[in-house]
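Protein chains in written order, with our numbering: chain A, 1 to 206; chain B, 1001 to 1206; chain C, 2001 to 2206. Even glycine gets a Cβ: it sits at the ideal position worked out from N, Cα and C.
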Amino acid sequence: MQLSPTRMLYLVDLAGTLLFAIEGATTAVANHLDLLGILILGFATAVGGGIIRDVLLGATPPSALRNWHYPAVAFTGASLAFLFHTYVQEIPSQIVMMLDAGGLALFAVSGTEEALLRKMSPLVAIMLGGITGVGGGTIRDLLLARTPRVLQADIYATAALAGSATMILCRRLGIKDTYSALIGGAVCFLLRVVSVWCHWQLPAHL
Amino acid sequence: MQLSPTRMLYLVDLAGTLLFAIEGATTAVANHLDLLGILILGFATAVGGGIIRDVLLGATPPSALRNWHYPAVAFTGASLAFLFHTYVQEIPSQIVMMLDAGGLALFAVSGTEEALLRKMSPLVAIMLGGITGVGGGTIRDLLLARTPRVLQADIYATAALAGSATMILCRRLGIKDTYSALIGGAVCFLLRVVSVWCHWQLPAHL
Amino acid sequence: MQLSPTRMLYLVDLAGTLLFAIEGATTAVANHLDLLGILILGFATAVGGGIIRDVLLGATPPSALRNWHYPAVAFTGASLAFLFHTYVQEIPSQIVMMLDAGGLALFAVSGTEEALLRKMSPLVAIMLGGITGVGGGTIRDLLLARTPRVLQADIYATAALAGSATMILCRRLGIKDTYSALIGGAVCFLLRVVSVWCHWQLPAHL
C-alpha cells in the first residue's frame, strides 16, 4: 500500500496527538487532578499548539475542532493514561523523553507545513513550527500555574525551531517536500535527544 | 408580551454575564486588586468564555466586543461588586453557588447553540458549550496565577458538558429547540447544585 | 522629508516594539531564563498585545506575523538585552519607567487606530487600545506564573484607557487624526509618569 505525503503527515499528526495527550494526562495524574481535569489537560497538551497556530493563521475553526479525529484521539490517549497511569509512570524516563521528542519533531514539521501552505514567510513559518511544537506543553504548564518548562531550560523549543528551519532550507535547496519534512523532523528529534544525553544548555547570560 | 427564543436566549446571556461579572469582581476584591483590576477581572470572567468560543469558531470580532451591551453589563456588574462588596461577601455561600450554577447552565446552553448554528459537529458543540461555561472562570484563575478550579475539583465542567450533551440529545430526539435548551440548562444546573450538596467528586485515580 | 501619518504610526509602532522587547528580555534575564526563553519573552512582550488585538478583530494573520519587520525588531531588542544586560540593568529605573510609558502610549494609540479603522464602536476601540498597550506585559507575567502587574497596582492600564478615550474624544471634536493621536498618546504618557511620581493609586475598596 502506497501512502500519499498528505495522508502520511495526517497519520503522523494523529500519532503526535496521542503521544502528547498521554503525556499531558500523566502530568495531570501526578498533580492530583480529577478525571475531567486529566482529560482536559491531556486534550490541551495534545491539540493546544495546533489550535494556537490555526487561530494565528486565521484558519478557524481550528482543524482540532473541525475534524473529530483529533479530540477522539486526544481523549483516548488521556483515558489510557488515567486507566494505566501506574504502568505509564513506570516507563523509563529516557523512553518518555524520546517519545516526547518524537511528538515535538512531528508537530514542528506539521506546523511549518501548514504555515507554508498558507503563504507565510519563512521566518513566520519557523516561528509557527515552533509554536505548534511547544504550544500544547506551554498551555499545560500555564493551567498548572507554573512557569512553562520551555522558557526555563534545555534545548527544547530550540530543537523545534532548528528542525523547522532545516526543513525550509531543504526545500529551498530543491529537495522534495516529503524528504525535507523527514530531514527537518530528524534534526529536531536528534538535537533534542542528544542535548538531553549531553546535558547541553543554552547560555543564560554571557 | 411574547418573547422570541432568540431574544430570550439573548436576555439570559446578559443575565449570565451580569452574574459572572459580579462573581469575578468579588474574587478580585478578595485578592486586593485595585479598581481597574476589579473591572478587568469582572469583565474577563463574564465574557472570557464567549470570547474564546467566538475566536475558535472564527466568529470575530467576538459578540462580546461587537455588541456594546456585553461590556456595559459586565462593567455594571463589576462596579456593583466594587461598591457593595461588603454586602456581596455576606451573601450565603449556598446562594452564590446556585447563582454561579445558573450562569454556568446559561453559558453552556448558549455556547452549544452558537456552535450548532455554525454547523459544528455534536462533539465539538459539546466541547464549545463547556468552554463557554468554564472559560471565563479559567481566565480569572490564570490572571490570579492559580491553577484553575475547574481542573482540580468538583463536578463543574462536567455539569456544563452534561447539560450541553443533553441539549443536543433532546434535539436529536425531535424536541423543539427552546425546550431542548431548557432541559439541557436544567440538567447542568441541577447536576452542579446536587453534586455540591452531596459532595460528589470525580475520581482522581482508579 | 515629509512623513505620512500612516508611515509615522508604523515607525512609532516599531519603536514601541523595540522598547517592549528590551524590557521583556531584561525581565527574562532577571528571572534566569536561558537564551531562547529571553528571546521568547522579549518577543511575547513586544508583540503580544498587538497579536491579541488582531485575533479579536479577526485580522489574521496578525500584522506581527504578516510583516517580518516586527519579529526582526523584537528579536533585535531581545538580543540587545541579552548582550548588554549588565548595562541595561544599570539604567536608572526612572528612565526605564519613562521609556515604558512611551511604549504604552504608543501601543494604546496604535491599537485604538486599528480598531477604529475596522469600524469598532468607541467603547470597544478604547478597550482594544488598552489591550494592545498592556497585553504584551500581561502575557509576560503569565509566562512567569505571576499575577499580571496590570491587575495589581498603579495607574497603568488606566493611563492606556484614558489616552485611548482622549484620542477618540478629540476626533469627535473634529481635531485631525494625527493631532488626536498625539494628544491621546501624550495624555497616556503623562498620566502614567505623573502617577508614578506622585504615587497615585486607584482605590482598592471604598
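Spatial distance of residue i from residue j (CA atoms)
{"i": "M1(A)", "j": "L11(A)", "result": "At M1(A) the pLDDT is 47, less than 50, meaning the model places this residue with poor confidence and gives no usable figure here."}
{"i": "I1155(B)", "j": "P1203(B)", "result": "11 angstroms"}
{"i": "D2100(C)", "j": "I2126(C)", "result": "20 angstroms"}
{"i": "M2097(C)", "j": "V2193(C)", "result": "8 angstroms"}
{"i": "V14(A)", "j": "S2110(C)", "result": "For clarity, residue 14(A) is Leu in the given sequence; the question names Val instead. If I take the Cα positions, the gap works out to 41 angstroms."}
{"i": "D2141(C)", "j": "R2007(C)", "result": "31 angstroms"}
{"i": "L1116(B)", "j": "I2131(C)", "result": "30 angstroms"}
{"i": "Q2094(C)", "j": "I2051(C)", "result": "28 angstroms"}
{"i": "A989(B)", "j": "Y2179(C)", "result": "The structure shown does not extend to residue 989(B), since chain B is modelled only from 1001 through 1206, so no value can be given for it."}
{"i": "R1066(B)", "j": "Q1089(B)", "result": "32 angstroms"}
{"i": "W1068(B)", "j": "L161(A)", "result": "41 angstroms"}
{"i": "A2186(C)", "j": "G2133(C)", "result": "14 angstroms"}
{"i": "T1112(B)", "j": "L1182(B)", "result": "12 angstroms"}
{"i": "S1988(C)", "j": "C170(A)", "result": "No information on residue 1988(C) is available, as it lies outside the stretch 2001 to 2206 that chain C covers here."}
{"i": "T2138(C)", "j": "V2150(C)", "result": "7 angstroms"}
{"i": "G1102(B)", "j": "P1071(B)", "result": "20 angstroms"}
{"i": "V2199(C)", "j": "I1038(B)", "result": "The sequence given here has His at residue 2199(C), not Val. If you take the alpha carbons of H2199(C) and I1038(B), they lie about 20 angstroms apart."}
{"i": "R1053(B)", "j": "V2055(C)", "result": "13 angstroms"}
{"i": "I1168(B)", "j": "F1107(B)", "result": "15 angstroms"}
{"i": "C2188(C)", "j": "G2135(C)", "result": "16 angstroms"}
{"i": "L2128(C)", "j": "E2114(C)", "result": "9 angstroms"}
{"i": "A1165(B)", "j": "I2091(C)", "result": "58 angstroms"}
{"i": "A1081(B)", "j": "Q2201(C)", "result": "19 angstroms"}
N- and C-terminal bounds of the alpha helix (DSSP H) containing residue i
{"i": "C1198(B)", "result": "That residue, C1198(B), is in no alpha helix (DSSP H); it is neither H nor E in DSSP."}
{"i": "H1032(B)", "result": "Counting along the chain, H1032(B) falls outside any alpha helix (DSSP H), and DSSP gives it neither H nor E."}
{"i": "M1127(B)", "result": "P1122 to L1143"}
{"i": "A107(A)", "result": "Reading off the sequence, residue 107(A) comes out as Phe, not Ala. S93 to L117 is the extent of the alpha helix (DSSP H) around F107(A)."}
{"i": "R2172(C)", "result": "A2157 to R2172"}
{"i": "Q1089(B)", "result": "Note, Q1089(B): premise wrong, no alpha helix (DSSP H); not H, not E."}
{"i": "T2076(C)", "result": "H2069 to L2083"}
{"i": "A2064(C)", "result": "S2063 to R2066"}
{"i": "R1149(B)", "result": "R1149 to Q1152"}
Chain B contact for residue i (CB, 8 angstroms cutoff)
{"i": "T60(A)", "result": "yes"}
{"i": "A78(A)", "result": "no"}
{"i": "W68(A)", "result": "yes"}
{"i": "A145(A)", "result": "yes"}
{"i": "G37(A)", "result": "yes"}
{"i": "V2187(C)", "result": "no"}
{"i": "V217(A)", "result": "For chain A, the structure presents residues 1 to 206; residue 217(A) sits outside this window and is missing."}
{"i": "L2065(C)", "result": "no"}
{"i": "I52(A)", "result": "no"}
{"i": "I183(A)", "result": "no"}
Residue i at chain C interface by Cβ criterion, 8 angstroms
{"i": "P92(A)", "result": "no"}
{"i": "P71(A)", "result": "no"}
{"i": "V196(A)", "result": "no"}
{"i": "L1041(B)", "result": "yes"}
{"i": "L173(A)", "result": "no"}
{"i": "L142(A)", "result": "yes"}
Cutoff 8 angstroms: residue i Cβ touching any chain F Cβ
{"i": "L116(A)", "result": "The chain labelled as chain F is not found among the protein chains of the depicted structure, namely A, B and C."}
Residue i at chain A interface by Cβ criterion, 8 angstroms
{"i": "L1202(B)", "result": "yes"}
{"i": "L1191(B)", "result": "no"}
Original post:
Using a Cβ cut-off of 9 angstroms, which residues of the stretch 2149-2166 of chain C contact any Cβ in chain B, in chain order?
Top reply: V2150, L2151, Q2152, A2153, D2154, I2155, Y2156, A2157, T2158 and L2161
**OP:** Mind checking the stretch 1119-1132 of chain B against chain C and listing, in chain order, the residues whose C-beta falls within less than 7 angstroms of any C-beta there?
**Re:** none
Subject >> Three-pair Cβ contact test at 8 angstroms for the stretch 2153-2173 of chain C versus the stretch 2040-2050 of chain C >> reply: no
Original post:
Per the contact definition of three or more C-beta pairs closer than 8 angstroms, is the stretch 1138-1152 of chain B in contact with the stretch 137-152 of chain A?
Top reply: yes
Original post:
Below 8 angstroms, can you find three or more Cβ-Cβ pairs linking the stretch 22-29 of chain A to the stretch 1016-1024 of chain B?
Top reply: no
**OP:** Examine the Cβ distances between the stretch 1055-1062 of chain B and the stretch 1025-1040 of chain B and report whether three or more of them are shorter than 8 angstroms.
**Re:** no
**OP:** For the stretch 18-34 of chain A, enumerate the residues whose C-beta is nearer than 7 angstroms to any C-beta of chain B, in chain order.
**Re:** V29, H32, L33 and D34
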